[in-house]
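Below you'll find the structure, written out as structure tokens, and then a few comments.
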Amino acid sequence: MRRARRGLLGEAVESPSVDRLQIESHAVVLQRERRARRLAWALLLVGLALTAAAPPAAALTQFMIGGAGAFLLMRALGRAPTPRRGTARPATVVAEDGDLVIQQAGRRTLLARRELDNGWIDAFGGHHHVVLRKKGGDVLWVRVRDADEAGLLLRAAGFAADQHAFRMRLVSVLSEHLTHRVRAALIVLASLFLYPLVGLAPLAWALGGATVFLGALLVLLALVYPVLQLVMPRTALVGTDGVVIQGIATRRLIPITEVAGARADARGVWLDHVDGSSTLLPTMARMTASHGAAPLAHLGADTRVLLARVQEVMASRGHAGASARLGALDRRGRSFEDWRGALGRLAHGDAGGGSYRETALDADDLARVLEDGAAPAERRIAAAVALASSGDPALKRRVRIAAGTCADQALRDAIERAAEEELQERDVDRVLRLRAD
Numbered sequence: 268m269r270r271a272r273r274g275l276l277g278e279a280v281e282s283p284s285v286d287r288l289q290i291e292s293h294a295v296v297l298q299r300e301r302r303a304r305r306l307a308w309a310l311l312l313v314g315l316a317l318t319a320a321a322p323p324a325a326a327l328t329q330f331m332i333g334g335a336g337a338f339l340l341m342r343a344l345g346r347a348p349t350p351r352r353g354t355a356r357p358a359t360v361v362a363e364d365g366d367l368v369i370q371q372a373g374r375r376t377l378l379a380r381r382e383l384d385n386g387w388i389d390a391f392g393g394h395h396h397v398v399l400r401k402k403g404g405d406v407l408w409v410r411v412r413d414a415d416e417a418g419l420l421l422r423a424a425g426f427a428a429d430q431h432a433f434r435m436r437l438v439s440v441l442s443e444h445l446t447h448r449v450r451a452a453l454i455v456l457a458s459l460f461l462y463p464l465v466g467l468a469p470l471a472w473a474l475g476g477a478t479v480f481l482g483a484l485l486v487l488l489a490l491v492y493p494v495l496q497l498v499m500p501r502t503a504l505v506g507t508d509g510v511v512i513q514g515i516a517t518r519r520l521i522p523i524t525e526v527a528g529a530r531a532d533a534r535g536v537w538l539d540h541v542d543g544s545s546t547l548l549p550t551m552a553r554m555t556a557s558h559g560a561a562p563l564a565h566l567g568a569d570t571r572v573l574l575a576r577v578q579e580v581m582a583s584r585g586h587a588g589a590s591a592r593l594g595a596l597d598r599r600g601r602s603f604e605d606w607r608g609a610l611g612r613l614a615h616g617d618a619g620g621g622s623y624r625e626t627a628l629d630a631d632d633l634a635r636v637l638e639d640g641a642a643p644a645e646r647r648i649a650a651a652v653a654l655a656s657s658g659d660p661a662l663k664r665r666v667r668i669a670a671g672t673c674a675d676q677a678l679r680d681a682i683e684r685a686a687e688e689e690l691q692e693r694d695v696d697r698v699l700r701l702r703a704d
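Okay, structure coming up:
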């Protein structure tokens, strides 16, 4: 079974849609990160509970809290796991309907598609790997023969660029702008300032009881919050519609139509905008005051993975001129109900008069608009409404897949609601408002 997608120059090419795939891998590693995190969180919460119940016990519980907190912080700030953290064994991997079955040394492990959160191709150690991350944090590494087999397995798992948005961890604001020596000095100073505050917990409780203790805790959180915004890693979400950079209470959308090119250096991936400016997606912390271009072979693994996905999305986008002829999908000042009703009639072959007579649109035309990240958001939503109104389960599934490829959460929600025929005017307004900001 094969389906069409767009090639490097926008021409239609065939892309395999894999229903079932079986490969023999020389090395499969399943890293169970979730267990370690659960234990650390349990120790942290128990320590905080004991401190709140008996503040004098802080002299002992501070070690429990500090150790668990340090572990969680190292996991949050550290690089993504590599196959070195687990034991690699040969295995048979079967992918069917998005689910994966791993047969390894007489043991059968099932990874259901609904349990998976992210997937990508990695060239760790000079070998091609497909990496799949579960929602709980566990990571599966599957070594494959070559790039073609990696692409097939990634598509069979449902995480190719035209199937699902890609998530990559970026370094913190502090790591992006300051060298490692400056960062180390600031961390030491912050620790010297914040650590004594933990010892004040018994004093706050003794002076004013629970009220003063909780007030002191709120003050401490207010001091820590801006620090967390600087030191916590951010996330880049790469979809067919563009790239979203997310941090603590921060969000920036870079539409794919504003990206003219992508390149990489030792610090990360640079997005070159059509207006001549550039945005860095920092995958590596700044080590020195200077930086520059680096050969592809010398780039970090995360940088290569992110660059490849951005370039793949750029290559698959359509051309503005091709979608401009479909301007009949635009709302053009009509009420929401009139607009949605006309789209529903269009799905059943009735142009409905007016501007919809300007061009004949079939399901393939609508699907191309829906799946084109360069198309205006309103047109993509309109195409989703029309396709979902057709009543064809296959077309509805195609709408849901297109929703999963969006980096913009508001656009993803709107298309998902359209797939369920539950789209409201406020959903469309939210998409347009966020893009206008």
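Just add 267 to the spot in the sequence shown (first one is 1) and you have the numbering used here.
Glycine included, every Cβ here is placed at the ideal spot set by N, Cα and C.
With DSSP run on the structure shown, which of helix, strand or coil describes residue i?
i: R612; result: helix
i: S657; result: coil
i: I512; result: strand
i: R684; result: helix
i: D696; result: helix
i: P493; result: helix
i: E291; result: strand
i: L383; result: strand
i: H431; result: coil
i: V666; result: helix
i: L481; result: helix
i: L453; result: helix
i: Q298; result: strand
i: Q691; result: coil
i: R679; result: helix
i: V359; result: The sequence as given places Thr at residue 359; Val does not occur at that position. Strand at T359.
i: A529; result: strand
i: D639; result: coil
i: G506; result: strand
i: R375; result: strand
i: L313; result: Looking at the sequence itself, residue 313 is Val, so the reference to Leu does not match. Of the three classes helix, strand and coil, the one that applies to V313 here is helix, per DSSP.
i: L566; result: coil
i: T354; result: coil
i: L488; result: helix
i: S545; result: strand
i: V536; result: strand
i: L445; result: coil
For residue i, I'd like the list of residues in its chain whose CB is within less than 6 Å of its CB, leaving aside the five on either flank, ordered along the chain.
i: G528; result: D539
i: R519; result: I512
i: A686; result: A655, K663, V666 and R667
i: L481; result: none
i: R700; result: none
i: L297; result: L407
i: R299; result: D405
i: G506; result: A432, T672, C673 and A674
i: E688; result: A655
i: G314; result: T328, M331 and I332
Starting from the C-beta of residue i, find all residues in its chain whose C-beta is less than 7 Å away, skip the five residues before and the five after it, and write them out in chain order.
i: R434; result: N385, T502 and L504
i: S545; result: W537, L538 and D539
i: E579; result: A428
i: T570; result: A531, G535, V536, T550 and M551
Determine the closest residue to residue i out of the options, with distance taken between C-alpha atoms.
i: G373; options: G404, D532, T359 and E579; result: T359
i: A307; options: G333, A423, V361 and A294; result: G333
i: G403; options: R381, M551 and F330; result: R381
i: G600; options: A457, E692, A379 and S656; result: E692
i: L547; options: M581, V510, T517 and D675; result: V510
i: H431; options: I668, Q676, V397 and D508; result: I668
i: G418; options: A362, L377, T328 and S458; result: A362
i: G425; options: R400, V449 and R412; result: R400
i: D508; options: L378, A428 and D629; result: A428
i: D675; options: A337, R697, E689 and L690; result: R697
i: R412; options: V295, G365 and L574; result: V295
i: I521; options: V541, R530, E689 and A531; result: V541
i: D366; options: P357, R356, V398 and L378; result: L378
i: D632; options: R356, A670, T318 and L596; result: L596
i: P643; options: R436, L678 and D629; result: L678
i: V572; options: R530, I523, A630 and R448; result: R530
i: L420; options: I369, R448, A568 and L628; result: I369
i: A231; options: D629, R436, I454 and A320; result: As shown, the chain starts at 268 and ends at 704. That puts residue 231 outside it, with no answer to give.
Quick one: what's got a C-beta closer than 8 Å to residue i's C-beta in the same chain, skipping five residues either side?
i: L339; result: R304, A307, W308 and L311
i: E416; result: I290 and H395
i: A575; result: I388
Please determine whether the Cβ atom of residue i lies at a distance below 7 Å from any heavy atom of the ligand ADP.
i: Q298; result: No copy of the ligand ADP occurs in the structure displayed, which carries no ligand at all.
Can a CB atom of chain B be found closer than 8 Å to the CB of residue i?
i: A685; result: The question asks about chain B, but that chain is absent: this structure has only one protein chain.
> Using 8 Å as the Cβ pair cut-off and three pairs as the minimum, do the segment 645 to 656 and the segment 672 to 685 touch?
Replying inline: They touch, by the three-pair rule.
> Which runs of the alpha helix (DSSP H) fall wholly inside the segment 392 to 426 and span at least 4 residues, in chain order?
Replying inline: As far as the segment 392 to 426 is concerned, its whole alpha helix (DSSP H) runs of at least 4 residues are 414 to 423.
> Is the segment 490 to 497 close to the segment 603 to 615, with three or more CB pairs under 8 Å?
Replying inline: Fewer than three beta-carbon pairs drawn from the segment 490 to 497 and the segment 603 to 615 are found closer than 8 Å, and the two stretches are therefore not classed as touching.
>> Count Cβ pairs between the segment 650 to 666 and the segment 627 to 638 that sit closer than 8 Å; are there 3 or more?
In response: Counting C-beta pairs with one atom in each stretch, the segment 650 to 666 and the segment 627 to 638 have three or more that are closer than 8 Å, which means they touch.
> Are three or more beta carbon pairs between the segment 389 to 397 and the segment 405 to 414 nearer than 8 Å?
Replying inline: The segment 389 to 397 makes contact with the segment 405 to 414: 3 or more CB pairs, one atom from each, lie closer than 8 Å.
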